[in-house]
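K.L.:
Next up, the structure:
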């Protein structure tokens with residue numbers, strides 16, 4: 298029986314890809330690096346902040362330390378989020394709806410300060426029993442660690458939790474941790490078929506994520 302719903306953040310609760318792209322592009326240009334648009338695979342990849350900071354440093358031949366890259370990118374992202382938080386349509390309603398019947402968790406590759414800011418700005422922080430960043434476990438998705446950590450903080454076995462994800466790496470992470478999984482539409486339609494092969498169920502949008510639907514999963 299499913300007792301908790303664990304959300305991803307980027308691509309599930311936030312429609313954040315454009316803001317991420319703008320933030321990283323302007324950061325790279327400010328450092329004198331050569332910007333190259335992300336490929337689909339790069340956009341869909343997970344990773345903790347240590348991993349993506351190292352990747353940016355190598356990819357764009359930056360001289361800054363990993364720690365400074367992370368700090369500057371996150372500062373730029375939060376500055377944009379303070380102007381406009383790109384909440385996904387139906388996200389706030391889904392969180393409030395499900396909080397009446399399930400415990401809520403969140404498992405994200407984003408740093409803790411971004412997660413906390415987002416939940417507070419959406420005014421839903423009090424509805425989440427537990428959340429974790431990939432930074433807390435030192436490795437990003439598709440490794441299962443961040444989902445295992447959230448389940449530990451919820452004091453629930455993974456089999457009693459349902460993950461809501463939009464990317465193949467996120468679905469692999471949750472599945473390998475032992476959670477049930479549902480997929481919402483990915484930012485790149487080309488990932489849809491792969492998501493469908495990894496998820497227990499596929500949704501057309503968060504409005505379909507209801508207590509009745511979840512109970513039917515078992």
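Numbering (the working numbering), first residue to last: 298 to 515.
A virtual CB, placed ideally from N, CA and C, is assigned to each residue, including glycine.
This structure is a prediction, so every number in the text was calculated from the model and none was measured.
1) Alpha carbons only, please: which of 320, 355, 506 is nearest the one belonging to residue 393?
2) By DSSP, does residue 501 sit in helix, in strand, or in coil?
3) Should residue 385 be labelled buried (16 or more other beta-carbon atoms within 10 Å of its own) or exposed?
4) Between the alpha carbons of residue 341 and residue 298, how many angstroms are there, rounded?
5) State buried or exposed for residue 333, treating a residue as buried only when at least 16 other CB atoms are found within 10 Å of its CB.
6) What is the C-beta distance between residue 447 and residue 429, in whole angstroms, given that I count them as a contact (C-beta under 8 Å)?
7) Please say whether residue 480 and residue 453 have beta carbons closer to each other than 8 Å?
8) Pull up the CB-CB distance for residue 444 and residue 493, whole angstroms please, since I reckon it's below 8 Å.
9) What is the C-beta distance between residue 402 and residue 504, in whole angstroms, given that I count them as a contact (C-beta under 8 Å)?
10) Distance, Cα to Cα, residue 436 vs residue 409?
P.N.:
So, to answer that:
1) What you label residue 393 is simply residue 96 of the chain shown in a count that begins at 1. Ranking the options by Cα distance to residue 393, first place goes to 506.
2) For this step, residue 501 is matched to residue 204 along the chain shown. It is coil, neither helix nor strand.
3) For the purposes of this step, residue 385 is identified with residue 88 of the chain shown, where counting begins at 1. Result: buried.
4) As a first step, residue 341 is located in the chain shown; it is residue number 44 there, counting from the start. As a first step, residue 298 is located in the chain shown; it is residue number 1 there, counting from the start. Note that residue 341 has pLDDT 40, beneath the 50 cutoff, so the model's placement of it is unreliable and the number below is only indicative. Cα-Cα distance, rounded: 30 Å.
5) One-based indexing of the chain shown puts residue 333 at position 36. Residue 333 comes out exposed.
6) Here residue 447 refers to the residue found at position 150 of the chain shown. Here residue 429 refers to the residue found at position 132 of the chain shown. Yes, residue 447 and residue 429 are in contact; Cβ-Cβ is about 5 Å, under 8 Å.
7) Within the chain shown, numbered from 1, the residue matching residue 453 stands at position 156. Within the chain shown, numbered from 1, the residue matching residue 480 stands at position 183. Against a cut-off of 8 Å, the Cβ pair of residue 480 and residue 453 comes out as no contact.
8) Looking up residue 444 in the chain shown gives position 147. Looking up residue 493 in the chain shown gives position 196. So it is not a contact: roughly 20 Å between Cβ atoms.
9) The count along the chain shown starts at 1 and reaches residue 402 at position 105. The count along the chain shown starts at 1 and reaches residue 504 at position 207. Contact doesn't hold; Cβ gap of about 21 Å is too wide.
10) Translated into positions along the chain shown, residue 436 becomes position 139. Translated into positions along the chain shown, residue 409 becomes position 112. Roughly 14 Å separates the two Cα atoms.
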